[in-house]
Structure formats: C-alpha cells, structure tokens
Amino acid sequence: MNYYSATTNGFYSSENEQAFHESGNWPDDAVAISDALYNKMMSGQSAGMVVVASDSGLPELQKSEQPEPAQEALIEVAEAEKSRLLSDATAIIAPLQDAVDLGIATDDETASLVAWKKYRVMLNRVDTSMAPDIEWPASPKKSTK
139 MNYYSATTNG FYSSENEQAF HESGNWPDDA VAISDALYNK MMSGQSAGMV
189 VVASDSGLPE LQKSEQPEPA QEALIEVAEA EKSRLLSDAT AIIAPLQDAV
239 DLGIATDDET ASLVAWKKYR VMLNRVDTSM APDIEWPASP KKSTK
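Sequential numbering of the sequence shown, starting at 139, is according to my numbering.
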C-alpha cells in the first residue's frame, strides 16, 4: 500500500512505514491511496506533469509551469549545432580537396567535394537568431567508397 503526504508532497510505501515511524519521519498527514491513483501520479510525472496536493489532501496532476527556454539559450544551442556541423563538413572536405589538388580524384570524389562545399556554404548562411525555427540544410551522403 502507498501513502501520500500533502505537507511533504511525497509518497511513502507501507513497506518502509515502520522505519519512518522509528526515525520520526512519518508525516502526520499521510493518507492511504489506491495503487491506481499512485500509478496515475507516476505516469503523469513521466509525461511531464507535476504532482500537487488537492484541497482534500490527495495528490493530483497539474501541467508543469516550467518556463520556455530563453531565446538566448536557444540561439546558443543552435550556434553549437552549426559549429559542429561546419566542423564535420570541413573534416569531410579536406581529403576530397587533397585528392582534387593532387589530380588523383575520382569523378565521385570530385562530385562529392562540390556537394560538401555547397552544403558548407549553406550552413554558413543559417541564421541562428531564428532558433528554434531553423531549417538546416540537408547533408550530402557520405561516400562509402
């Protein structure tokens, strides 16, 4: 059996009741709740809701009132993503460019180089101030050869 305390907004199991009593930590307002209600509260928390005490002292679910991330934080995340994608593209471009510079590039490597350079240019044009509403350019397929 499970119990709920409105003052601590906590759940307590009857399996630990004796230990709580012995330590003096069993809440005076603990009320027995059904397994169905307990499971509903746990599922609600998993879905992002919060448990609060109702006027009757029983637990109930409310929508979380966590604020939306600040625009600055969203921009910072977008900048980090842009930087990561640019770094990845540059790492892929380097050996392709070497092959072209050395005159040993295959037709596939030359085409891949052009595609990756276009992608990198499009990444540089991404306006991160529009976060979270950013349309990221599609990455070219990595060559498997």
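Positions of the beta carbon are idealized from the N, C-alpha and C atoms, including for glycine. Computed from a predicted structure; not experimentally measured.
Next item on the list: Take every Cβ of the region 259–267, pair it with every Cβ of the region 198–218, and state whether three or more of those distances are shorter than 8 angstroms.
Entry: yes
Margin query: Beta-carbon within less than 7 angstroms of Thr145's beta-carbon, same chain only, minus the 5 sequence neighbours each way: which residues are those?
Written below: Within the sequence shown, residue 145 is the residue found at index 7, counting from 1. Excluding residues within five positions, the ones whose Cβ falls inside 7 angstroms are Pro165, Asp167.
Notebook entry, point to check: Going straight from the alpha carbon of Ser152 to that of Asn140, what length do you get?
Noted result: Taking the first residue of the sequence shown as 1, we reach residue 152 at position 14. Taking the first residue of the sequence shown as 1, we reach residue 140 at position 2. Their Cα atoms are separated by approximately 6 angstroms.
Item checked: DSSP three-state assignment for Lys283, whether helix, strand or coil -> In the sequence shown, residue 283 corresponds to position 145, counting from 1. Confidence in Lys283 is poor, its pLDDT being 48 and thus under 50, which makes the residue's placement too unreliable to answer from.
Item checked: Range of the contiguous alpha helix (DSSP H) that encloses Gln204 -> In the sequence shown, the residue the question calls residue 204 occupies position 66. From DSSP, Gln204 is part of no alpha helix (DSSP H); its letter is neither H nor E.
Checklist line | Reduced DSSP secondary structure (H/G/I, E/B, other) of Val259 | finding: By one-based count along the sequence shown, residue 259 stands at place 121. Of the three classes helix, strand and coil, the one that applies to Val259 here is helix, per DSSP.
Item checked: Continuous beta strand (DSSP E) stretch holding Asn140: start and end -> As a working note, residue 140 is residue 2 in the sequence shown. It spans 140–143 - the beta strand (DSSP E) in which Asn140 sits, taken as one unbroken run.
Check: Which word fits Pro197, buried or exposed, when buried means at least 16 other C-beta atoms lie within 10 angstroms of its C-beta?
Finding: Translated into the one-based positions of the sequence shown, residue 197 becomes position 59. Its Cβ being crowded by 16 or more others within 10 Å, Pro197 is buried.
Checklist line | Straight-line Cα distance separating Ile230 from Val259 | finding: As a working mapping, residue 259 is identified with position 121 in the sequence shown. As a working mapping, residue 230 is identified with position 92 in the sequence shown. If I take the Cα positions, the gap works out to 14 angstroms.
Checklist line | Test item: CB-CB of Tyr257 and Pro278 under 8 angstroms | finding: For the purposes of this step, residue 257 is identified with residue 119 of the sequence shown, where counting begins at 1. For the purposes of this step, residue 278 is identified with residue 140 of the sequence shown, where counting begins at 1. It is a contact, given that the beta carbons lie within the stated cut-off.
Next item on the list: With a threshold of 7 angstroms, establish whether the CB of Asp245 neighbours any heavy atom of the ligand GDP.
Entry: Although the ligand GDP was asked about, the structure shown includes no ligands whatsoever.
Check: Closest to Ser143 by CA distance: which of Val189, Glu273, Ala185 is it?
Finding: Within the sequence shown, residue 143 is the residue found at index 5, counting from 1. Among Val189, Glu273, Ala185, the Cα nearest to that of Ser143 belongs to Val189.
Next item on the list: Can you grab the Cα-Cα spacing for the pair Arg263 / Ala208, in whole Å?
Entry: Position 125 of the sequence shown, counting from 1, holds the residue named residue 263. Position 70 of the sequence shown, counting from 1, holds the residue named residue 208. Cα to Cα, the separation comes out at about 23 angstroms.
Next item on the list: Leaving out five residues on either side along the sequence, give the residues of the same chain with a beta carbon under 7 angstroms from the beta carbon of Ser202.
Entry: Here residue 202 refers to the residue found at position 64 when the sequence shown is read from its first residue. Answer for Ser202: Gly186, Met187, Val188, listed in chain order.
Item checked: Best match in Leu240, Trp254, Ala237 for proximity to Val225 [C-alpha to C-alpha] -> Residue 225 sits at position 87 when you count from the first residue of the sequence shown. Per the sequence shown, residue 225 should be read as Ser rather than Val. Ser225 has its Cα closest to that of Trp254, out of Leu240, Trp254, Ala237.
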